[in-house]
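Residue numbers for the sequence shown, in the working numbering: 913 to 1147.
In this text, a Cβ means the ideal position worked out from N, Cα and C, and glycines have one as well.
Remember, predicted model here, so these are calculated numbers, not experimental data.
To start, the structure under review is shown below, and the notes come after it.
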Amino acid sequence: NILLETGIGAFFSPKFQRRFGVVEQRHVLLENLNALGLTHSDIDIVLLSHLHFDHAGGLLESYQESKEPDLLFPNATFICSNKAFLRACNPHARDKASFIPHLQRQLQDSGRLVLVEEEHCPLLGPDFRFIYSNGHTPGLLCTEIQTQIGPILFGADLIPGSSWVHTPITMGYDRFPELLIDEKTEILQSLVDRSGYIFFTHDHKVALARIVQDERGRFTTTLHQEHLLKQRFIA
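Put into structure tokens, the structure is as follows:
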């Protein structure tokens, strides 16, 4: 069982929930795993695009007063890019608040952290390919999965939603917006050429869409899917 990211989870104290506008009081990911007949203990591999709290906070148990939250997924190997992990351990003042300081230590102490720099990881096999990006945060790891409908890219925060397929659009959180636009353009063109799809992490309406170009050559999306529950894409 391979999990791509863990979402924000429920590790925040009430104070920080209010500060960052987190509305969920419960660990939604664990509920969704239960809906699939799984628990966090059933996950074998967790792929982490980067360690910003809204993508990696779900690695931790829910908030308990006066207690540091423990790491969940006791049987999982955690895969992260070496560059992203180093960034989380040594953040810049501009993005320091995006990381959970004790999480990096807990991942290291687990003895199950694998840091990658190559295109493929032996733990995953040839159908999984890594694409590295530095525009949003140094070492962002985007996972591309080869499936029977074509390649599916887990867009993470490089292309977080269908609106961001339009190349000039970036987020205020992006560290290097011009670099990100160049990276995004290259990846989108590759997906168009190979009839590929993107899974979006921050789109409230679209989970998956195919990348195409319109009559003016601009990148856009089609074949939108709102939910992917129990769908099978790998032959």
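Which runs of the beta strand (DSSP E), 3 residues or longer, sit entirely within the segment 1026-1104?
1040-1045, 1052-1059, 1062-1066
Can the beta-carbon of L1027 be found closer than 8 Å to that of V958?
Sequence index remark: in the sequence shown, residue 1027 carries index 115 (1-based). Sequence index remark: in the sequence shown, residue 958 carries index 46 (1-based). Against a cut-off of 8 Å, the Cβ pair of V958 and L1027 comes out as no contact.
Measure the C-alpha to C-alpha separation of I1052 and H964 and round it to an integer number of angstroms.
Looking up residue 1052 in the sequence shown gives position 140. Looking up residue 964 in the sequence shown gives position 52. Residue identity differs from the one stated: residue 1052 is Leu in this sequence, not Ile. When rounded, the distance between both Cα atoms is 10 Å.
Quick one: any contact between the segment 1002-1015 and the segment 1064-1080, if contact means 3 or more CB pairs under 8 Å?
no
What separation, rounded to the nearest whole angstrom, lies between the Cα atoms of E1030 and F1111?
Taking the sequence shown and counting its residues from 1, the one referred to as residue 1030 is at position 118. Taking the sequence shown and counting its residues from 1, the one referred to as residue 1111 is at position 199. When rounded, the distance between both Cα atoms is 22 Å.
Compute the Euclidean distance between the alpha carbons of A1147 and D1039, then round it to the nearest angstrom.
Along the sequence shown, one-based indexing puts residue 1147 at 235. Along the sequence shown, one-based indexing puts residue 1039 at 127. Any reading at A1147 needs caution, since the residue's pLDDT is 44, under 50, leaving its predicted position unreliable; the model's value is listed next. Cα to Cα, the separation comes out at about 10 Å.
Is the number of C-beta pairs between the segment 974-984 and the segment 923-940 that are closer than 8 Å three or more?
yes
By how many angstroms is the C-alpha of I1099 removed from the C-alpha of T1055?
Taking the first residue of the sequence shown as 1, we reach residue 1055 at position 143. Taking the first residue of the sequence shown as 1, we reach residue 1099 at position 187. Computed Cα separation, rounded: 12 Å.
Give the straight-line distance between the Cα atoms of R1087 and H1004, rounded to the nearest whole angstrom.
To locate residue 1087, count along the sequence shown from 1; it is residue 175. To locate residue 1004, count along the sequence shown from 1; it is residue 92. Taking the straight line from one Cα to the other gives about 10 Å.
With a threshold of 16 other CB atoms inside 10 Å of the CB of F932, please say whether the residue is buried or exposed.
Taking the sequence shown and counting its residues from 1, one reaches residue 932 at position 20. With fewer than 16 Cβ atoms within 10 Å of its Cβ, F932 is classed as exposed.
Pick out whichever of A1119, H1078, T1113, D1094 has its Cα sitting closest to the Cα of D1126.
Reading the sequence shown from its first residue, position 214 is the one you call residue 1126. That would be H1078, whose Cα lies nearest to the Cα of D1126.
Is R1122 buried or exposed, if buried means 16 or more other CB atoms sit within 10 Å of its CB?
As a working mapping, residue 1122 is identified with position 210 in the sequence shown. So R1122 ends up on the buried side.
What does the Cβ neighbour count give for E917, buried or exposed, with the cut at 16 atoms within 10 Å?
Start at 1 with the first residue of the sequence shown, and residue 917 comes out as number 5. That one is buried.
How should C992 be labelled, buried or exposed, when 16 other C-beta atoms within 10 angstroms of its C-beta is the threshold for buried?
Taking the sequence shown and counting its residues from 1, one reaches residue 992 at position 80. Burial state of C992 is buried, judged by a 10 Å Cβ sphere holding 16 or more other Cβ atoms.
Under a Cβ-count criterion, where at least 16 other Cβ atoms within 10 Å of its own Cβ denotes burial, should L1135 be classed as buried or exposed?
The count along the sequence shown starts at 1 and reaches residue 1135 at position 223. Exposed, by the Cβ-count rule.
For D1021, tell me which candidate among I1061, Q1058, T989, G921 has the shortest Cα-Cα distance.
Mapped onto the sequence shown, residue 1021 falls at position 109. Ranking the options by Cα distance to D1021, first place goes to T989.
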